[in-house]
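Novice:
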Amino acid sequence: MGGRGGRLIRIGQWLNGDGFADWEHAFVHVGNGELVEAQPGGAELRPLSVYDGRPIRWSSGRIPLTDDQRRAVVAAARRYIGTPYSAADYFALAAHRFHLPVGLLIGKYVADSGHMICSQLVDQCYWDAGVHLFADGRWPGYVTPADLAGLLDP
Numbered sequence: 001m002g003g004r005g006g007r008l009i010r011i012g013q014w015l016n017g018d019g020f021a022d023w024e025h026a027f028v029h030v031g032n033g034e035l036v037e038a039q040p041g042g043a044e045l046r047p048l049s050v051y052d053g054r055p056i057r058w059s060s061g062r063i064p065l066t067d068d069q070r071r072a073v074v075a076a077a078r079r080y081i082g083t084p085y086s087a088a089d090y091f092a093l094a095a096h097r098f099h100l101p102v103g104l105l106i107g108k109y110v111a112d113s114g115h116m117i118c119s120q121l122v123d124q125c126y127w128d129a130g131v132h133l134f135a136d137g138r139w140p141g142y143v144t145p146a147d148l149a150g151l152l153d154p
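Numbered according to this note's numbering, the sequence shown spans residues 1 to 154.
1) Hey, could you find the ends of the beta strand (DSSP E) residue 155 is sitting in?
2) Within the same chain, show all residues whose beta-carbon is closer than 6 Å to that of residue 27, passing over the 5 residues directly before and after it, in chain order.
3) Nearest to residue 94 by CA position, among 74, 63, 144 and 126, is which residue?
4) Can you grab the Cα-Cα spacing for the pair residue 1 / residue 68, in whole Å?
5) Name the residue from 154, 132 and 81 whose alpha carbon lies nearest to the alpha carbon of residue 43.
6) Can you say whether residue 20 is buried or exposed, counting buried as having 16 or more other CB atoms within 10 angstroms of its CB?
7) Under the three-state reduction of DSSP, which class applies to residue 131: helix, strand or coil?
8) Check whether the stretch 114-129 touches the stretch 59-78, counting contact only when three or more Cβ pairs, one atom from each stretch, lie closer than 8 Å.
9) So residue 151 and residue 62 are in contact, right, with Cβ under 8 Å, and what is the actual spacing, rounded?
10) Taking C-beta to C-beta, are residue 115 and residue 142 nearer than 9 Å?
11) Take the Cβ of residue 83 as the centre, count every other Cβ of all protein chains shown within 10 Å, and call the residue buried at 16 or more, exposed below.
12) Straight-line CA distance for residue 48 to residue 139?
13) Rounded to whole angstroms, what is the Cα-Cα separation between residue 30 and residue 78?
14) Would you kindly work out how many angstroms separate the C-alpha atoms of residue 60 and residue 66, rounded to a whole number?
15) Can you pull the DSSP bridge partners for residue 28?
16) Just to confirm my understanding: we take residue 87, look at its own chain, exclude 5 residues before and 5 after, and list those with CB closer than 6 Å. What are they?
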């Protein structure tokens with residue numbers, strides 16, 4: 001992601017312990033050359049072609065899903081179209097990382113799926129389909145694009 005938004009996301013990644021990771025965005029492919037992604041104006045349905053020529057990591061073959069689970073992930077993604085973006089979630093994630101004394105309040109804010117950053121949207125779609133991507137005891141919603149990319153490492 002370029003421009004001012006991309007720079008802010010990179011700062012958010014650094015605050016969250018991801019350094020200046022190369023993976024700064026995530027989306028759900030919903031078929032027919034379309035994807036659902038969180039954007040500053042809210043979650044959108046967009047053509048996959050907007051990422052032509054850019055590096056993409058695919059979860060196919062890395063995250064085992066049944067056909068029913070795949071359909072459920074796609075259905076969930078479509079339901080989240082229009083969900084507001086929440087740059088504040090980056091700061092909430094950082095507060096958790098730095099063990100600031102805001103605990104439960106921050107946890108509830110981040111877990112609220114009424115607003116999401118891109119990686120939260122992806123994680124929530126899988127969660128809604130009954131697929132738990134992380135088994136490390138993290139709070140719901142505490143996921144960054146670099147966390148998702150880490151799941152896809154060989």
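Using N, Cα and C, we set each Cβ at its ideal position, and we do this for glycine too.
Please read all numbers here as calculations on a predicted model, not as lab measurements.
Specialist: Reading from the atomic positions:
1) The chain is shown only over 1 to 154; residue 155 falls outside these bounds and no answer can be derived.
2) 35 and 37
3) 144
4) Low confidence applies to residue 1: its pLDDT is 49, below 50, so where it sits in the model is not reliable, and the reading given next is rough at best. Computed Cα separation, rounded: 32 Å.
5) 81
6) Unreliable placement is indicated for residue 20, whose pLDDT of 45 sits below 50; the coordinate value is still reported in the next sentence. The residue is exposed, with fewer than 16 neighbouring Cβ atoms inside 10 Å.
7) coil
8) yes
9) 7 Å
10) no
11) buried
12) 30 Å
13) 8 Å
14) 11 Å
15) 36
16) none
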